[in-house]
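K.L.:
In order, the protein sequences belong to chains A and B. At position 266 of the first sequence (counting the first as 1) the number is 269 in my numbering, and the numbers step up by one without a gap. At position 87 of the second sequence (counting the first as 1) the number is 90 in my numbering, and the numbers step up by one without a gap. Glycine included, each C-beta is placed from N, C-alpha and C at the ideal position. Quantities reported herein were computed from a predicted structural model and do not represent experimental measurements. For reference, the structure I am asking about is given below.
Protein chains: 2
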Amino acid sequence: MTDQLKRQVTLDEVAERAGVSRSAASRVINNAPHVSKAKRDAVQRAVNDLGYVPNATARALATQQVGAVVLAISSDNPQVFTDPFFADVAVGVNSVLEETELELILQLATSTRGQTRLEQVLRTRQADGVMLMSMHGDDPLAQIAEDSDVPVVFGGTPANFEPRYYVDADNRGGARLATEHLVATGRTRIATITGRMDEGAGTARYRGYQDALAVAGLDASRVVYGDFSEEGGGRAMEQLLAEHPDLDAVFVGSDQMAIGAMRVLKDAGRTIPGDVAVVGFNDVVLARHTEPPLSTVSQPIQSLGREMARMLLALIAGESPTPLILPTRLVRRASS
Amino acid sequence: MTDQLKRQVTLDEVAERAGVSRSAASRVINNAPHVSKAKRDAVQRAVNDLGYVPNATARALATQQVGAVVLAISSDNPQVFTDPFFADVAVGVNSVLEETELELILQLATSTRGQTRLEQVLRTRQADGVMLMSMHGDDPLAQIAEDSDVPVVFGGTPANFEPRYYVDADNRGGARLATEHLVATGRTRIATITGRMDEGAGTARYRGYQDALAVAGLDASRVVYGDFSEEGGGRAMEQLLAEHPDLDAVFVGSDQMAIGAMRVLKDAGRTIPGDVAVVGFNDVVLARHTEPPLSTVSQPIQSLGREMARMLLALIAGESPTPLILPTRLVRRASS
DNA sequence: GAAGAAACTGGGAGCGCTTCCAGTGAAGGT
DNA sequence: ACCTTCACTGGAAGCGCTCCCAGTTTCTTC
Numbered sequence: 004m005t006d007q008l009k010r011q012v013t014l015d016e017v018a019e020r021a022g023v024s025r026s027a028a029s030r031v032i033n034n035a036p037h038v039s040k041a042k043r044d045a046v047q048r049a050v051n052d053l054g055y056v057p058n059a060t061a062r063a064l065a066t067q068q069v070g071a072v073v074l075a076i077s078s079d080n081p082q083v084f085t086d087p088f089f090a091d092v093a094v095g096v097n098s099v100l101e102e103t104e105l106e107l108i109l110q111l112a113t114s115t116r117g118q119t120r121l122e123q124v125l126r127t128r129q130a131d132g133v134m135l136m137s138m139h140g141d142d143p144l145a146q147i148a149e150d151s152d153v154p155v156v157f158g159g160t161p162a163n164f165e166p167r168y169y170v171d172a173d174n175r176g177g178a179r180l181a182t183e184h185l186v187a188t189g190r191t192r193i194a195t196i197t198g199r200m201d202e203g204a205g206t207a208r209y210r211g212y213q214d215a216l217a218v219a220g221l222d223a224s225r226v227v228y229g230d231f232s233e234e235g236g237g238r239a240m241e242q243l244l245a246e247h248p249d250l251d252a253v254f255v256g257s258d259q260m261a262i263g264a265m266r267v268l269k270d271a272g273r274t275i276p277g278d279v280a281v282v283g284f285n286d287v288v289l290a291r292h293t294e295p296p297l298s299t300v301s302q303p304i305q306s307l308g309r310e311m312a313r314m315l316l317a318l319i320a321g322e323s324p325t326p327l328i329l330p331t332r333l334v335r336r337a338s339s
Numbered sequence: 004m005t006d007q008l009k010r011q012v013t014l015d016e017v018a019e020r021a022g023v024s025r026s027a028a029s030r031v032i033n034n035a036p037h038v039s040k041a042k043r044d045a046v047q048r049a050v051n052d053l054g055y056v057p058n059a060t061a062r063a064l065a066t067q068q069v070g071a072v073v074l075a076i077s078s079d080n081p082q083v084f085t086d087p088f089f090a091d092v093a094v095g096v097n098s099v100l101e102e103t104e105l106e107l108i109l110q111l112a113t114s115t116r117g118q119t120r121l122e123q124v125l126r127t128r129q130a131d132g133v134m135l136m137s138m139h140g141d142d143p144l145a146q147i148a149e150d151s152d153v154p155v156v157f158g159g160t161p162a163n164f165e166p167r168y169y170v171d172a173d174n175r176g177g178a179r180l181a182t183e184h185l186v187a188t189g190r191t192r193i194a195t196i197t198g199r200m201d202e203g204a205g206t207a208r209y210r211g212y213q214d215a216l217a218v219a220g221l222d223a224s225r226v227v228y229g230d231f232s233e234e235g236g237g238r239a240m241e242q243l244l245a246e247h248p249d250l251d252a253v254f255v256g257s258d259q260m261a262i263g264a265m266r267v268l269k270d271a272g273r274t275i276p277g278d279v280a281v282v283g284f285n286d287v288v289l290a291r292h293t294e295p296p297l298s299t300v301s302q303p304i305q306s307l308g309r310e311m312a313r314m315l316l317a318l319i320a321g322e323s324p325t326p327l328i329l330p331t332r333l334v335r336r337a338s339s
C-alpha cells in the first residue's frame, strides 16, 4: 500500500485523449449504437493506452443497479456454512455468475447483525438480487424476502411456506425412493429419523417415507424427530431402539444423522445391514467412507446452485421463471 | 418484483423533514461533530420515521471507498472451493467482518474470466482489500497482488515467494511433529507423499518431514510427489510400495491423499497401523471416520480465516501488521 | 439539388452522498 | 464594551458515469 495511489483513469481522460466527448466514449464502452467507426476506434485505442477500467461504483450510482447479487444463508448456527453442502452450492452459483458481470456477495446471516444487514439489503435494494438458503419455517426473513422489491430466489423451501420463486431438490420423491428400496429388499418394520420439521427438507422427506409405506401397506409409526446433526441422529436412534426394538430398517433424513445412528446401532450390537438396514440422504463425501458405506439419496447440489443463479438472472431480466424441482436418485451402497 | 419500485428514501428527504441542511443530516448519520443536540435529535427522529438507510453506492462514490473486501481463491480447478477447508476459512473471515460494515465478496477465480476480474480488482481498486488463497507458485496473480495498491493478505504462501502480509499455518512444524511421532513409535523406514510442490504447504510439509528424520538420523529418501488429491495419493502410494516395499510408515501431505493411500495399502494386504503407520495433514472431518481413524495434523482453519480478516482490517486502517503463523498440533488416532 | 430521414455528437443534468469552506452567532477573556 | 475563539450551519462542489435531448451531419430518394 504505497501512498502514491495513482489516481484512477477516468472516462473523461479517455474521452479527451480520443478527442471525443465523454458521452461518445461512454457509448463505445457500453457498446451502444450511434458512434462512428472512427471515433469508436479512437476510443478503443485510448482505453488500451490508458488501461482504462470503468469505475463500477460510479456506474452503479448512475444506472441504479448494484452489479452484485447476494447468496445468503440464514441460520442461528454460525457453523452452518461449514456444511459442505453450501460450498457446493456456491461453486454452482459461481459457475453461472462467472459468465456475467455480477459480483457474488456472501451473507452468512448468522447473528442478529447479519440478519439485520440482510434485511436492509432486501428492503433498500442494496443488491440486484438475492439467493436465500436454509430458511427455517418461522424465520421472519422469509416473508420479508417474499415482499421485497428485489428479486429473490429461495434455495429449498421453508416448511409451511411456498415462495414464489425457488429451486429445490425432490426431497419427497427421494425419500420415497429410499423407503421403497427398503421395502423391496424385504424390510417390514421400517423406522425413520426425520430432519428438522421446520425446514421444508425435513417435512418433505418424512412425507416421502409415509408415501412409500402407505403404498406398501406397512406401518409408518416408527418415527422420531431429529435435527439434522450427527449427535441428534445418535440420540434419535437410541430412542427408536428403545421404543421399537423390533425395527429392521431405518430411513434417516440426512447422512450426518445416519452416521450418528449407525454408531449407536453398532454399539447396541446390531449389524448393518444384517439386523437393520440404513439409508441416509444427501450423499455427502463421508457417506462413501463409513463402515459400511452408506446407502443414500443423492441430490445434484451444484446444479441446485447453478439453477438458483440462472433463475435469479431471469428474474433480474424481468422474466417470470417457474419454480424448479431437481431430481434425486438412490445411491445404493453396503448399508442396505 | 413489482413495478412500483418505491423510490428509496434519500438524505435530502431526511434533512427536509428534520428541518436541517443535508450537510447537517449527513453529519449526524456518520456521527461527526459540529451538530447541535437539537438537530441531532431531529435528524434521528426523521431517520426512524422515514426508515432511512444510506445508499451504499452513493457513499462509496463520495468517499472513494468500496465498502467491500474480497476473498479470492485462485486456482485452475473449478472444484477447489468444494474442499471443506475453504468453507471453514470463509466462516472465520465472516465472523470478524460481521463486526464491521464491510461486505464479503467471493471470487472463485477459477477460469480465465475470473482471473481477469480479480486482476482488475487488484489494479483498479474495486475493493477495499483482498484476501488471497491457494496460490500456486507460478500464479502471476501473486506478483500482481503484491504490487497492488489495494491491501492484500495472503492465506498460506506460494512456494518460492514470501508475501509481505500473510497468515499461514505452521506446516513445517506440524509435519515435523507428525514425523517425530512416527519415529517415537519405533518406525524406522518412514516414507512421505508430498503435496503439490508449487504450493507453500506442499514444500513446507516436506521440509518438516526432512527435519525430523535428519534429527533422528534416519533415511529421508522414500519420497514421492503427490498433488493433494485422493487419487493422486493412491497413485503415489502404489509407486512408493513398488520402490520401497520395506517401508513401515508414511507421512502423507494431506488427509485426502492419505485416504487414497490407505486404500491402496489395504488392497496391497498391508495392515494399518500394524504393517505401516499412516498420518495425514489437515484433520478434515473425514479423518475421524476412516477405517482405521486417521492420525493427522490439525490446523486452526477458522482462526486462519479470522486472522486473515483481522490483518486485512489492520492494513486498511493503515497499520503494518506482521505475518502470522498459526500453530498446528498432532491428533493421534488409530492409524499410527 | 432539395427535402426528409437517419445517423451522429456533445452538452448537461442528474444518481445520493461527503466534505470543504465561508459565514453566523454565542461564549469567553481582558 | 471589544476582540478572540470556536462550535455550528448550509451552500456548493464534486465522486465517475449514464443518458436524455437538441443540434449537426450525412445519406436517401425523387
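Count the other C-beta atoms from every protein chain shown that fall within 10 angstroms of the C-beta of Pro36 (chain B), then say buried if there are 16 or more, exposed otherwise.
P.N.:
exposed
K.L.:
Output, in chain order, the set of chain B residues within a Cβ distance shorter than 8 Å of Pro81 (chain A).
P.N.:
Within 8 Å Cβ-Cβ: Val94, Ser98.
K.L.:
Does DSSP put Leu316 (chain B) in a helix, a strand or coil?
P.N.:
For Leu316 (chain B), the three-state secondary structure derived from DSSP is helix.
K.L.:
Identify each residue in the stretch 121-140 of chain B for which the Cβ-Cβ distance to at least one residue of chain A is less than 8 Å, and report them in chain order.
P.N.:
Taking 8 Å as the upper bound on Cβ-Cβ separation, chain A lies near residues Gln123, Arg126, Thr127, Arg128, Gln129 of the stretch 121-140 of chain B.
K.L.:
What residues of chain B sit near Thr197 (chain A), judged by a beta carbon separation below 7 Å?
P.N.:
Going along chain B, no residue has its Cβ under 7 Å from Thr197 (chain A), so there is no contact; the nearest lies around 23 Å.
K.L.:
Are Ser339 (chain B) and Ala271 (chain B) touching if we call contact CB-CB under 8 Å?
P.N.:
Contact: no.
K.L.:
What number of angstroms, rounded off, separates the C-alpha of Val282 (chain B) from the C-alpha of Gly235 (chain B)?
P.N.:
16 Å
K.L.:
Should the stretch 285-295 of chain A be called in touch with the stretch 221-229 of chain A, which here means at least 3 C-beta pairs below 8 Å?
P.N.:
no
K.L.:
At a Cβ threshold of 8 Å, is Asp91 (chain B) touching chain A?
P.N.:
yes
K.L.:
Out of B:Thr127, B:Ala90, B:Thr113, which has the shortest C-alpha to C-alpha gap to Val69 (chain B)?
P.N.:
Selected option, being the one with the closest Cα: B:Thr127.
K.L.:
For Ser114 (chain B), return the contacting residues in chain A, with the cut-off set at a CB-CB distance below 8 Å.
P.N.:
Glu101
K.L.:
Considering only their Cβ atoms, is the gap separating Ile328 (chain A) from Asp79 (chain A) smaller than 8 Å?
P.N.:
Going by beta carbons, Asp79 (chain A) and Ile328 (chain A) fall outside the 8 Å limit.
K.L.:
Determine the chain A residues that contact Val69 (chain B) at a beta-carbon separation under 7 Å, and present them in chain order.
P.N.:
For Val69 (chain B), the chain A residues whose Cβ falls inside 7 Å of its Cβ are Thr60, in order along the chain.
K.L.:
How far does the beta strand (DSSP E) with Leu333 (chain B) in it reach, from first residue to last?
P.N.:
332-334
K.L.:
Taking Leu111 (chain A) as the reference, give the member of A:Thr299, A:Met134, A:Glu104, A:Glu294 with the closest Cα.
P.N.:
A:Met134
K.L.:
What residues of chain A sit near Leu64 (chain B), judged by a beta carbon separation below 7 Å?
P.N.:
Those are Thr60, Ala61, Leu64, listed as they occur along chain A.
K.L.:
Identify the residues that DSSP records as bridge partners of Gly158 (chain B): which are they?
P.N.:
B:Met136, B:Val170
K.L.:
What does DSSP give as the partner residue(s) for Ile193 (chain A) in the beta ladder?
P.N.:
For Ile193 (chain A), which the question treats as bridged, DSSP gives the partners A:Ala252.
K.L.:
At least one CB of chain B closer than 8 Å to the CB of Val170 (chain A): is that the case?
P.N.:
Chain B, which has no Cβ nearer than 8 Å to the Cβ of Val170 (chain A), makes this no.
K.L.:
Within 10 angstroms of its Cβ, does Asp6 (chain A) collect 16 or more other Cβ (buried), or is it exposed?
P.N.:
A caution first: Asp6 (chain A) carries a pLDDT of 34, below 50, which makes its placement in the model unreliable, though a value can still be read off. Under this definition Asp6 (chain A) is an exposed residue.
K.L.:
Using beta-carbon positions only, say whether Ala63 (chain A) and Ile108 (chain A) come within less than 8 Å of one another.
P.N.:
no
K.L.:
Less than 7 Å between C-beta atoms, sequence neighbours within five positions excluded: which residues of the same chain meet that for Ala45 (chain A)?
P.N.:
Ala21, Gly22, Val23
K.L.:
Can you check which of these residues, A:His292, A:Asp171, A:Leu216, A:Arg199, is closest to Gly2 (chain A) by C-alpha distance?
P.N.:
Only positions 4 to 339 of chain A appear in the structure, and residue 2 (chain A) is not among them; the question remains open.
K.L.:
Quick check for students: name the residue ranges of the beta strand (DSSP E) that lie wholly in the stretch 215-266 of chain B, counting only runs of 3 or more.
P.N.:
Here the runs fully enclosed are 226-228, 252-255.
K.L.:
Per DSSP, Ala75 (chain B) is paired with what?
P.N.:
B:Gln110, B:Leu135
K.L.:
Could you tell me the alpha carbon to alpha carbon distance between Leu289 (chain A) and Ala317 (chain A), rounded to whole angstroms?
P.N.:
35 Å
K.L.:
Would Ile108 (chain B) count as contacting chain A if we go by Cβ distances under 8 Å?
P.N.:
yes
K.L.:
When we look at the beta-carbon of Arg116 (chain A) and count the other beta-carbons within 10 Å, is it buried (16 or more) or exposed?
P.N.:
exposed
K.L.:
Measure from the alpha carbon of Gly308 (chain B) to the alpha carbon of each residue in B:Tyr212, B:Thr274, B:Gly158, B:Pro296, then state which is nearest.
P.N.:
B:Gly158
K.L.:
Can you tell me whether Ser26 (chain A) is buried or exposed, with buried defined as 16 or more other CB within 10 angstroms of its CB?
P.N.:
exposed
K.L.:
Is His292 (chain B) close to chain A? Criterion is C-beta to C-beta, closer than 8 Å.
P.N.:
yes
K.L.:
Report the rounded CA-to-CA distance for Ser232 (chain A) versus Ile304 (chain A), giving the unit in angstroms.
P.N.:
19 Å
K.L.:
Considering only the beta carbon of each residue, do Asp142 (chain B) and Ser77 (chain B) sit closer than 8 Å?
P.N.:
yes
K.L.:
Among A:Thr325, A:Val73, A:Thr274, A:Ala90, which has the Cα closest to the Cα of Pro166 (chain A)?
P.N.:
Ranking A:Thr325, A:Val73, A:Thr274, A:Ala90 by Cα distance to Pro166 (chain A) puts A:Thr325 first.
K.L.:
Where Ser306 (chain A) and Asn97 (chain A) are concerned, what is the direct C-alpha to C-alpha distance, given to the nearest angstrom?
P.N.:
11 Å
K.L.:
Quick check: what's the CA-CA separation for Met314 (chain A) versus Glu122 (chain B)?
P.N.:
28 Å
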